[in-house]
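In this text, residue positions in the sequence shown follow UniProt numbering: the first is 1, and each later residue adds one.
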Amino acid sequence: MMNRPALEAHPQPATQPRQPPDIESDWALFLDLDGTLLDLAPTPTSVVVPDGLVDVLRRLHHRLHGAVAIVTGRPLADIDQLLAPLVLPVAGNHGASARLPDGTQQALAPVQPLPPGWVTQAQAACAQWPGTIVEPKPYSLALHYRLAPEHADNVFNLLRCFAAERADDYEILTAHYAYELRPRHADKGMAIERLMALAPFHGRVPVFIGDDVTDESGRAAARRLGGIGLDVGESFSGSAAHVRQWLAKAVGDQDT
Numbered sequence: 001m002m003n004r005p006a007l008e009a010h011p012q013p014a015t016q017p018r019q020p021p022d023i024e025s026d027w028a029l030f031l032d033l034d035g036t037l038l039d040l041a042p043t044p045t046s047v048v049v050p051d052g053l054v055d056v057l058r059r060l061h062h063r064l065h066g067a068v069a070i071v072t073g074r075p076l077a078d079i080d081q082l083l084a085p086l087v088l089p090v091a092g093n094h095g096a097s098a099r100l101p102d103g104t105q106q107a108l109a110p111v112q113p114l115p116p117g118w119v120t121q122a123q124a125a126c127a128q129w130p131g132t133i134v135e136p137k138p139y140s141l142a143l144h145y146r147l148a149p150e151h152a153d154n155v156f157n158l159l160r161c162f163a164a165e166r167a168d169d170y171e172i173l174t175a176h177y178a179y180e181l182r183p184r185h186a187d188k189g190m191a192i193e194r195l196m197a198l199a200p201f202h203g204r205v206p207v208f209i210g211d212d213v214t215d216e217s218g219r220a221a222a223r224r225l226g227g228i229g230l231d232v233g234e235s236f237s238g239s240a241a242h243v244r245q246w247l248a249k250a251v252g253d254q255d256t
């Protein structure tokens with residue numbers, strides 16, 4: 001029987017700072033969204049974008065000459081809706097697809113849409129587990145149990161059955177009160193490596209910030225490329241508000 005994946009801490013090299021350093025002008029900044037820029041919410045659709053955040057990101061984008069990107073499990077359309085009118089480079093769907101700095105959209109991994117029927121089956125099953133939420137994405141499927149933690153095993157076992165059908169193509173990741181079935185061939189680290197090969201990111205120091213196990217590959221990639229991988233729990237006391245304050249400080253805005 002497959003064991004549920006655990007939320008394990010990624011060992012940080014001794015050279016990695018536990019406290020966030022001041023943002024430098026030669027950085028390329030890669031930011032997760034939920035739990036990093038935005039406070040976690042009971043449902044994916046109930047997140048709130050705090051006043052001032054979009055302007056801080058806009059000013060950071062200007063200060064770093066365009067080298068700011070969102071790297072998230074959400075689809076690109078979600079990011080544009082949440083951060084409107086700001087349009088940034090984005091690696092969405094856990095790195096499966098991206099909007100490049102020139103505005104073009106591109107698949108970053110050889111992934112296919114979810115098999116027909118998985119979303120319908122998940123919706124039917126979760127209807128029997130009050131409080132669970134189905135979040136279908138173009139290439140992955142997240143099931144949330146924040147409002148019904150007693151159904152965590154049910155949610156995991158359902159995704160385990162799906163994963164067994166396509167074991168070479170999908171894996172289960174643990175997030176905050178959620179499990180997500182994700183393509184094996186896409187991750188945030190791969191997306192960061194691809195973006196770092198492009199202007200305006202190329203030649204800069206990559207810095208990635210994320211809050212959970214889905215971000216481990218992003219932190220590892222930033223370190224592998226000679227940069228910094230920061231964990232919200234370790235470097236920002238587990239608080240997205242502290243991340244926002246740190247970003248605001250870099251552009252001289254202390255009120256965000």
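For each residue, glycine too, the CB sits at the ideal point set by N, CA and C. These figures come from a predicted structure and were not determined experimentally.
Between Asp187 and Ser217, the C-beta spacing is below 8 Å. Note: Phe162 is not bridge-paired with any residue in the DSSP secondary-structure output. For the pair Pro183 and Ala109, the CB atoms are nearer than the 8 Å cut-off. Residue environment analysis places Glu165 among the exposed positions, since fewer than 16 neighbouring C-beta atoms fall within 10 angstroms of its C-beta. Within the same chain, Val54, Leu57, Arg58 come within 7 Å of Leu86 by CB-CB distance, once the 5 residues on both sides are set aside. Three or more beta-carbon pairs drawn from the stretch 98 to 113 and the stretch 192 to 206 are found closer than 8 Å, and the two stretches are therefore classed as touching.
In the DSSP annotation of this structure, the continuous segment of the beta strand (DSSP E) that includes His144 starts and ends at 141 to 144.
When the beta-carbon positions are compared, Glu180 and Ala142 come within less than 8 Å of each other.
By the CB criterion at 8 Å, Val49 and Leu64 fall outside the cutoff.
Restricted to the stretch 54 to 141, the beta strand (DSSP E) segments that are unbroken, complete and at least 3 residues in length are 68 to 71, 90 to 92, 97 to 99, 105 to 107, 133 to 136, listed in chain order.
In the displayed model, Pro21 falls within coil according to three-state DSSP, outside both helix and strand. Nearest to Gly92 by alpha-carbon distance, out of Gly131, Ala163, Asp215, is Asp215. Contact annotation, Tyr177 with His144: C-beta distance approximately 6 Å; criterion of less than 8 Å satisfied.
In this structure, Phe236 sits away from Phe30, with a CB-CB distance that is not shorter than 8 Å. CA-to-CA, the gap between Ala222 and Pro113 works out to about 28 Å. Remark: C-beta atoms of Thr132 and Val155 approach each other more closely than 8 Å. Check the Cα spacing between Gly117 and each of Ile228, Cys161, Trp129, Arg18: the tightest is with Cys161. In this structure, Leu230 lies away from Leu60, with their beta-carbon atoms at least 8 Å apart. For His185, the closest alpha carbon among the candidates Ala96, Val47, Pro130, Gly233 is that of Ala96. The straight-line gap separating the alpha-carbon atoms of Ala69 and Ala127 is approximately 36 Å.
By the neighbour-count definition (other C-beta atoms within 10 Å, threshold 16), Arg224 is an exposed residue. Judged by DSSP secondary structure, Glu193 falls within the alpha helix (DSSP H) whose first and last residues are 188 to 196.
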